[in-house]
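Numbering (the working numbering), first residue to last: 85 to 347. Beta carbons are placed, not taken as given, at the ideal position from N, Cα and C, and that holds for glycine.
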């Protein structure tokens, strides 16, 4: 599967990493807290690739306009965030950019493709979100595998579901492309699966969920209410998920010990 990340989903990872650092005493190691942040951030994308076997991507438009942390207006640099504090170090934005550039394949999406996809949608989303849909459709068709946009933007999420259900194919810059490979997930859906299957710790998972909840505090719009309901569901599962993770890890260890591939 190819995961195409939007900015708010990447921000969910950023806030989770920062939340964990804020709530964990420094261990006295040589690693600075900003380096710890980058290492935690990079681990998520590396585990998605190496443990789950999925690819990570975004669109070049989204990366250049919203994500690139070297830009003062980057949406990853929320004014009161720990990440923005780190960005006061002249070398940090470039280090963060290089990590993201290495972790995320940047799919080129031209303006003509965005002009073609826009009228097909029920509601306009803007060039960044529309470019993510184009990137997902193209990558899915090129590789003949599921290409899912990872987002916490409910408008984008709903548009993708509607597009797939209402159109079997779309014409993008003269190329007829199937929508059968197009899908979407919330960030915490992917991150929960990553936690259960890979080396993401219990504390790191709790930090991701708690930071997501804190980000929704004080918001009363429909999207925030949906997110809050999902977070409450995740909190109710935490103890069971911890047990499930331990059982899966034990089964993998036993399978490895006895030479069985599918534990």
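Straight-line gap, residue i to residue j (C-alpha atoms, nearest Å)
i: residue 222; j: residue 252; result: 14 angstroms
i: residue 114; j: residue 268; result: Because the pLDDT at residue 114 is just 48, under 50, the model does not fix this residue reliably, and the value given afterwards should be weighed accordingly. Approximately 40 angstroms between the Cα atoms of the pair.
i: residue 133; j: residue 139; result: 6 angstroms
i: residue 241; j: residue 270; result: 8 angstroms
i: residue 85; j: residue 162; result: 30 angstroms
i: residue 257; j: residue 205; result: 16 angstroms
i: residue 294; j: residue 225; result: 36 angstroms
i: residue 276; j: residue 151; result: 23 angstroms
i: residue 126; j: residue 207; result: 34 angstroms
i: residue 95; j: residue 265; result: 25 angstroms
i: residue 278; j: residue 284; result: 7 angstroms
i: residue 320; j: residue 326; result: 11 angstroms
i: residue 313; j: residue 273; result: 13 angstroms
i: residue 230; j: residue 176; result: 34 angstroms
i: residue 188; j: residue 131; result: 13 angstroms
i: residue 262; j: residue 117; result: 45 angstroms
i: residue 149; j: residue 309; result: 28 angstroms
i: residue 194; j: residue 87; result: 20 angstroms
Limits of the alpha helix (DSSP H) - the one that residue i falls within
i: residue 280; result: 271-281
i: residue 160; result: Element bounds for residue 160: n/a, residue is neither H nor E.
i: residue 106; result: 91-106
i: residue 247; result: 238-250
i: residue 133; result: 117-134
i: residue 199; result: 195-201
Where residue i falls: helix, strand or coil (DSSP)
i: residue 190; result: strand
i: residue 165; result: coil
i: residue 304; result: coil
i: residue 27; result: Examination of residue 27 is not possible in this model, given that the chain is present from 85 through 347 alone.
i: residue 266; result: strand
i: residue 216; result: helix
i: residue 87; result: strand
i: residue 204; result: helix
Residue burial classification, residue i (beta-carbon count within 10 angstroms, cutoff 16)
i: residue 212; result: buried
i: residue 199; result: exposed
i: residue 303; result: exposed
i: residue 299; result: buried
i: residue 104; result: buried
i: residue 158; result: buried
i: residue 100; result: buried
i: residue 311; result: buried
i: residue 335; result: exposed
i: residue 135; result: exposed
i: residue 290; result: buried
i: residue 153; result: buried
i: residue 331; result: exposed
i: residue 141; result: buried
i: residue 259; result: exposed
i: residue 249; result: exposed
i: residue 245; result: exposed
i: residue 146; result: buried
Boundaries (first-last residue) of the beta strand (DSSP E) holding residue i
i: residue 257; result: No beta strand (DSSP E) contains residue 257, which DSSP labels as neither H nor E.
i: residue 140; result: 139-143
Beta carbon proximity, residue i to chain D, threshold 8 angstroms
i: residue 205; result: The chain labelled as chain D is not found in the depicted structure, where only one protein chain is given.
Whole-number beta carbon distance between residue j and residue i, since they are thought to touch under 8 angstroms
i: residue 98; j: residue 167; result: 5 angstroms
i: residue 90; j: residue 234; result: 7 angstroms
i: residue 315; j: residue 297; result: 5 angstroms
i: residue 122; j: residue 183; result: 6 angstroms
i: residue 144; j: residue 190; result: 5 angstroms
i: residue 232; j: residue 209; result: With 8 angstroms as the limit, residue 232 and residue 209 do not qualify as a contact, their Cβ atoms being about 17 angstroms apart.
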